Amino acid sequence: MNITLLTVGKTDRNWIRDGLEIYCSRLKHYIPFSLVEIPDLKNAAALSREQIKEKEGVLILKNLKDSDNVILLDERGKEYSSMEWAGLLEKKISQGGRDLVFVIGGAYGFSETVYRRADGKISLSRMTFSHQMVRTIFAEQLYRAFTIMKGEPYHHE
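Throughout the sequence shown, residue numbering follows the UniProt record's numbering, covering 1 to 157 in sequence.
Spelled out as structure tokens, the structure:
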């Protein structure tokens, strides 16, 4: 099983990219992990929010396989404590087979087509974070979940 973090747009802030790279490299000690960044849309300023979501949705779907277990990071998703999240992840990994793809959309969220393709939705918080910062926050939570599963002393409860 592989885990992929699929994001819309590049991370253009060095401090966000640095944090993201730290956790991406740590994750590779636990599971095959990759970060896929879909390029920003060209001429997006001339498009409506719905048009942007639709065009980004097409690009997201092109990066998915039919067999992928697709989980959207979405404000309407289910919230988990770090311990609950580790338990859910461990369950998905033990079921095996399907690769896990976590998707972070653009600034305006996801198209309806992407929502229909998704196998689930999770929320990191009821608060709103920039779609760039969410990458590092999620990567850290993914890393934290693996340390919990392995009984390592990163998480304190």
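Every residue gets a Cβ at the ideal spot worked out from N, C-alpha and C, and that includes glycine. None of the values given here were measured: they were computed from a predicted structure.
Identify whether residue i lies in helix, strand or coil by the three-state DSSP scheme.
i, result
"Thr-147", "helix"
"Thr-128", "coil"
"Thr-7", "strand"
"Asp-12", "coil"
"Met-133", "helix"
"Tyr-115", "helix"
"Tyr-23", "helix"
"Leu-41", "coil"
"Glu-140", "helix"
Along the chain, where does the beta strand (DSSP E) containing residue i start, and where does it finish?
i, result
"Glu-37", "33-38"
Taking DSSP's pairing of strands, which residues face residue i in a bridge?
i, result
"Ile-122", "Lys-78"
Give me the Cβ distance between residue i and residue j, rounded to the nearest whole Å; I'm assuming they're in contact under 8 Å.
i, j, result
"Asp-74", "Phe-110", "7 Å"
"Phe-105", "Ile-71", "Per the sequence shown, residue 105 should be read as Gly rather than Phe. 12 Å between Cβ atoms; not a contact."
"Asn-69", "Leu-6", "Not confirmed; about 12 Å, so no contact."
"Tyr-23", "Ala-139", "4 Å"
Output the residue ranges of the alpha helix (DSSP H) runs that lie fully inside the region 47-113 and measure 4 residues or longer, sorted by chain position.
49-62 and 82-95
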